[in-house]
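Before any comments, here is the structure.
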Amino acid sequence: MRKKTRILLFLFFAMLLFISCRKKEEQKEKKKIKIGISLYDSYDTFISDYMKAFDGEVAEKRSKGYEVSVSRYNAARSQALQNEQVEEMLQNSCDVLCVNLVDRTAPSEIIDMAKKKNIPVIFFNRELVEEDLSQWNRLY
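Residue numbers (full-length UniProt numbering): 1 to 140.
Right, here's the structure in full:
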């Protein structure tokens, strides 16, 4: 009986140790994020100021130990180019996409590509049509 109790206690503590080590590894992994950003026009004054504020937020996260990687693209007012950029960001394994749409009525291709890879998309500065936002639960 004592032998079984010792074995059970040993297994319990071994499992506890394994779980605690695993949580630390998961926490380390959660501190990394790869962000892909596509801007309709990076020379737009508002967007330029917006990105300066974004860069400040990224710097703050980095100072707190987060490993933040940002890939920024300029769509130069071309929806076709922006679609290609989103495809490239998805191929580069971005964790989240931030998209300032060129044409707010044409997000379907971007949504479909992100949905296939299960990558969330944050649309900003241009309000999407409600129907487009309701296509998937990982659109913001």
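Glycine included, C-beta positions come from ideal geometry on N, C-alpha and C. These numbers come from a predicted model, not from an experiment.
Contact check, residue i vs residue j, beta carbons under 7 Å
i: residue 94; j: residue 122; result: no
i: residue 79; j: residue 114; result: no
i: residue 70; j: residue 35; result: yes
Buried versus exposed, by CB contacts within 10 Å (16 or more), residue i
i: residue 85; result: buried
i: residue 83; result: buried
i: residue 102; result: buried
i: residue 118; result: exposed
i: residue 4; result: Summary for residue 4: the model assigns pLDDT 49, below 50, so the residue's position carries little reliability; its value from the coordinates is reported in the next sentence. Exposed, because fewer than 16 other Cβ atoms sit within 10 Å of the Cβ of residue 4.
Integer-rounded CB distance, given that residue j should sit under 8 Å from residue i
i: residue 72; j: residue 40; result: Going by Cβ atoms, the distance from residue 72 to residue 40 rounds to 13 Å, so no, they are not a contact pair.
i: residue 104; j: residue 127; result: 7 Å
i: residue 42; j: residue 74; result: 4 Å
i: residue 142; j: residue 111; result: The requested residue 142 does not occur in the structure, where the chain is confined to residues 1 to 140.
Identified DSSP bridge partners for residue i
i: residue 97; result: 36 and 121
i: residue 69; result: 34
i: residue 137; result: According to DSSP, which records beta bridges pairwise, residue 137 is partnered with nothing at all.
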